[in-house]
Amino acid sequence: GDSVTQMEGPVTLSEEAFLTINCTYTATGYPSLFWYVQYPGEGLQLLLKATKADDKGSNKGFEATYRKETTSFHLEKGSVQVSDSAVYFCALSDPGGSARQLTFGSGTQLTVLP
Amino acid sequence: GAVVSQHPSRVICKSGTSVKIECRSLDFQATTMFWYRQFPKKSLMLMATSNEGSKATYEQGVEKDKFLINHASLTLSTLTVTSAHPEDSSFYICSARDWLAGGPYNEQFFGPGTRLTVL
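Sequences listed follow chains W and A, in order. The first sequence begins at 1089 in my numbering and counts up by one. The second sequence begins at 17 in my numbering and counts up by one.
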């Protein structure tokens, strides 16, 4: 079945540091890939997405590129801020199964210190 | 973006009682809502897909008689945990799709979650 493996946290960085959160996936078809963010006390929010190979999703300074050859969708940001502290989830939606459903990774807690 | 609310945000109950959790789409209509369960430091596990006006579709291993789902309107789905036991303690999260947005990949909007503790 489909699965998503992401870097275990917690990750603690200083403000303005470079961020990478690794995410790899296993899927039967050609999935769409997502990064969701969950701020403390709030629901999950879509951060960015990519629907086909070599697509780059970007939002709020975050980027991730859909790499079919390595089945990866790593999240990066060049300079993190304290306000980026949250839990980040990598997820996929596989059109080979049900396009409506999301399969999530385990989440990575990010703490950015001033 | 669209807003999904959940109520209550936190509930503590005694073993053997039933608990109802509400999920509402506040500013859009949702023909499909999803219920997830999240264990500490674990990913979100899809429990069931709730379709307005029809029976929910449960994932393998989820007891439909234990977790009753009702999706009576385009803005409300409820999850009732029946005869709750301590092992049902968890964080329950719902999400909703805006059916007007169209397409198979349209975004799911997530509620803030409900923390259930069964004593």
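Glycine included, C-beta positions come from ideal geometry on N, C-alpha and C. Owing to the predicted nature of the structure, the values given are computational and were not obtained by experimental measurement.
So residue i contacts chain A; which residues on that side make the cut at Cβ distance below 8 Å?
i: residue 1194 of chain W; result: 57, 58, 59
Is the Cβ of residue i closer than 8 Å to any Cβ of chain A?
i: residue 1129 of chain W; result: yes
i: residue 1163 of chain W; result: no
i: residue 1134 of chain W; result: yes
i: residue 1169 of chain W; result: no
i: residue 1198 of chain W; result: no
For residue i, does the count of other Cβ atoms within 10 angstroms reach 16, so buried, or fall short, so exposed?
i: residue 65 of chain A; result: buried
i: residue 1196 of chain W; result: buried
i: residue 1152 of chain W; result: buried
i: residue 104 of chain A; result: buried
i: residue 133 of chain A; result: exposed
i: residue 42 of chain A; result: exposed
i: residue 1171 of chain W; result: exposed
i: residue 1129 of chain W; result: exposed
i: residue 1182 of chain W; result: buried
i: residue 135 of chain A; result: exposed
i: residue 1169 of chain W; result: exposed
On the three-state DSSP scale, how would you describe residue i?
i: residue 1104 of chain W; result: coil
i: residue 68 of chain A; result: coil
i: residue 79 of chain A; result: coil
i: residue 1171 of chain W; result: helix
i: residue 1151 of chain W; result: strand
i: residue 103 of chain A; result: helix
i: residue 1116 of chain W; result: coil
i: residue 1133 of chain W; result: strand
i: residue 38 of chain A; result: strand
i: residue 1179 of chain W; result: strand
i: residue 1127 of chain W; result: coil
i: residue 1110 of chain W; result: coil
i: residue 1095 of chain W; result: coil
i: residue 1165 of chain W; result: strand
Pull up the distance between the alpha-carbon of residue i and that of residue j, whole angstroms please.
i: residue 23 of chain A; j: residue 127 of chain A; result: 9 Å
i: residue 1100 of chain W; j: residue 1164 of chain W; result: 14 Å
i: residue 1201 of chain W; j: residue 1176 of chain W; result: 17 Å
i: residue 88 of chain A; j: residue 37 of chain A; result: 14 Å
i: residue 18 of chain A; j: residue 44 of chain A; result: 7 Å
i: residue 1110 of chain W; j: residue 1154 of chain W; result: 12 Å
i: residue 1199 of chain W; j: residue 78 of chain A; result: 34 Å
i: residue 1132 of chain W; j: residue 32 of chain A; result: 31 Å
i: residue 1134 of chain W; j: residue 1174 of chain W; result: 13 Å
i: residue 1143 of chain W; j: residue 1116 of chain W; result: 19 Å
Give a yes or no on whether 8 Å exceeds the smallest Cβ distance from residue i to chain W.
i: residue 45 of chain A; result: no
i: residue 62 of chain A; result: yes
What residues from chain W crowd round residue i, counting only those whose CB sits closer than 7 Å?
i: residue 32 of chain A; result: Result: empty, since nearest Cβ-Cβ is about 30 Å, beyond 7 Å.
Residues of chain A with a CB under 7 Å from the CB of residue i: which are they?
i: residue 1190 of chain W; result: 124
So residue i contacts chain W; which residues on that side make the cut at Cβ distance below 8 Å?
i: residue 92 of chain A; result: Residues of chain W passing the Cβ test: none, with the nearest at roughly 16 Å.
i: residue 128 of chain A; result: 1129, 1130, 1131
i: residue 20 of chain A; result: 1131
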